[in-house]
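Working notes, structure below.
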Amino acid sequence: MAVLARFARALSTKVRVRQHVNPLARRFEAPVALPDWPALFPAGSSTVHLDIGCARGVYLASLARKYPKQCFVGVEIREPLVLEALERLKEDDIRNVHVLHANMNMHIDAILSSFTPSLAVSSVSIFHPDPWMKKRHLKRRLVNPSFVQALAAHLAPTTPVYLQTDVPELFEYMVEVFAEHPQLFEEMPGPHETNAMGVPTDRETFVVDHGGDIYRTTFRVK
1 MAVLARFARA LSTKVRVRQH VNPLARRFEA PVALPDWPAL FPAGSSTVHL
51 DIGCARGVYL ASLARKYPKQ CFVGVEIREP LVLEALERLK EDDIRNVHVL
101 HANMNMHIDA ILSSFTPSLA VSSVSIFHPD PWMKKRHLKR RLVNPSFVQA
151 LAAHLAPTTP VYLQTDVPEL FEYMVEVFAE HPQLFEEMPG PHETNAMGVP
201 TDRETFVVDH GGDIYRTTFR VK
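The UniProt record's numbering applies: residue 1 is where the sequence shown begins, and numbers increase by one.
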């Protein structure tokens, strides 16, 4: 957690926001405004990668440059970060990425169902979600049984879900939650030594440079 704190202090950003946002707060219960996906992305787009908890979208922009023919959607609960991400994407003329302000714990069904029939979710990444380490805050974690069940209900068979964190306790917890649903997901054999998307996140790079460890795995929809 010390490395995590140093990473937060090291960030230089346009907008200062709270690092932790309670996803169970009442203000996040309002319905999410969903765009017309085909109108947002280049003509002929058929698949989308979903990044849950994309922050300022810097990582998604890097992925977009590496994979210009793939579409990406990021979901972020902190609205100031979403606005900053959208501004940056516009300035850089990156057209295969969109960032959505939403609470994935409450809006997961609406978001995933909104892609069909125009787009298919080809993969999902959950990289370095908020660990919520205090016992009374565990219910705020992104990955929980309802979340896992909703993913399986909307994603096509064999769709991969990539998990990554530098917090070992959180990693064990996420793996346990997915593993408790063997009828829905199967864990893919390792080793998972590098970022599944082929591009390291800023936090990943920072942690490794400061001697920390990264924990990864992949679950696939059955």
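We put the beta carbon where it would ideally sit given N, CA and C, even for glycine.
Q | beta strand (DSSP E) runs wholly inside the segment 150 to 218, at least 3 long, in chain order | A | Listed in chain order, they are 160 to 165 and 185 to 187.
Q: Let me know the secondary structure DSSP gives V29 once reduced to three states.
A: Here residue 29 refers to the residue found at position 29 of the sequence shown. Reading the sequence as shown, one finds Glu at residue 29 and not Val. Under the three-state reduction of DSSP, E29 is assigned to coil, being neither helix nor strand.
**Q.** DSSP-derived helix/strand/coil call for H137
**A.** Indexing the sequence shown from 1 puts residue 137 at position 137. Helix, per DSSP.
Q. What's the C-alpha gap between V167 and N105?
A. Working through the sequence shown from its first residue, we reach residue 167 at position 167. Working through the sequence shown from its first residue, we reach residue 105 at position 105. If I take the Cα positions, the gap works out to 20 angstroms.
Q.
I'd like the span of the beta strand (DSSP E) that includes residue 227, first residue to last.
A. Residue coverage of the chain in this structure runs from 1 to 222, which leaves residue 227 outside it and unanswerable.
Q | Opening and closing residue of the beta strand (DSSP E) in which I52 lies | A | If you number the sequence shown from 1, residue 52 lands on position 52. Taken as a continuous stretch (DSSP letters only), the beta strand (DSSP E) holding I52 covers T47 to I52.
Q: Return yes when the Cβ of D130 is within less than 9 angstroms of the Cβ of G57, no when it is not.
A: As a working mapping, residue 57 is identified with position 57 in the sequence shown. As a working mapping, residue 130 is identified with position 130 in the sequence shown. With a cutoff of 9 angstroms on beta-carbon distance, G57 and D130 are scored as not near each other.
Q) Taking buried to mean at least 16 other C-beta atoms within 10 Å of its own C-beta, is H101 buried or exposed? A) Reading the sequence shown from its first residue, position 101 is the one you call residue 101. Note on H101: 16 or more other CB atoms within 10 angstroms of its CB, so buried under the neighbour-count rule.
Q | Per DSSP, cross-strand counterpart(s) of E76 | A | For the purposes of this step, residue 76 is identified with residue 76 of the sequence shown, where counting begins at 1. H101.
Q) Is it true that the segment 133 to 140 meets the segment 89 to 96, where meeting means three or more beta-carbon pairs spaced less than 8 angstroms apart? A) Contact between the segment 133 to 140 and the segment 89 to 96 is absent: fewer than three C-beta pairs spanning the two stretches fall below 8 angstroms.
Q: Keeping to the same chain, check which residues put their C-beta closer than 7 angstroms to that of H192; ignore five residues upstream and five downstream.
A: Locating residue 192 in the sequence shown gives position 192, where the first residue counts as 1. Taking C-beta separations shorter than 7 angstroms and ignoring five residues to either side along the sequence, the partners of H192 in its chain run R216, T217 and T218, following chain order.
Q.
Residues in the same chain with beta-carbon distance under 8 angstroms from L40, minus the five sequence neighbours each way, listed in chain order, please.
A. As a first step, residue 40 must be located in the sequence shown, where it is residue number 40. Contacts found: H98.
Q. Is the segment 176 to 196 in contact with the segment 148 to 155, if contact means three or more CB pairs nearer than 8 angstroms?
A. Touching, yes, given that three or more Cβ pairs across the two stretches are closer than 8 angstroms.
Q. For the alpha helix (DSSP H) that L142 lies in, which residues bound it at each end?
A. Residue numbering aside, residue 142 sits at position 142 when the sequence shown is read from its first letter. No alpha helix (DSSP H) holds L142; DSSP gives it neither H nor E.
(Q) Out of T201, H20 and L112, which one is the CA nearest neighbour of V48? (A) Taking the first residue of the sequence shown as 1, we reach residue 48 at position 48. In terms of Cα proximity to V48, the closest of T201, H20 and L112 is L112.
Q. Mind checking H107: buried by the 16 CB within 10 Å criterion, or exposed?
A. As a working mapping, residue 107 is identified with position 107 in the sequence shown. With a 10 Å radius around the Cβ and a threshold of 16 neighbouring Cβ atoms, H107 comes out buried.
**Q.** Inter-residue Cα distance where the pair is D202 and A55
**A.** Within the sequence shown, the letter at position 202 stands for residue 202. Within the sequence shown, the letter at position 55 stands for residue 55. Our two residues, D202 and A55, have alpha carbons roughly 11 angstroms apart in a direct line.
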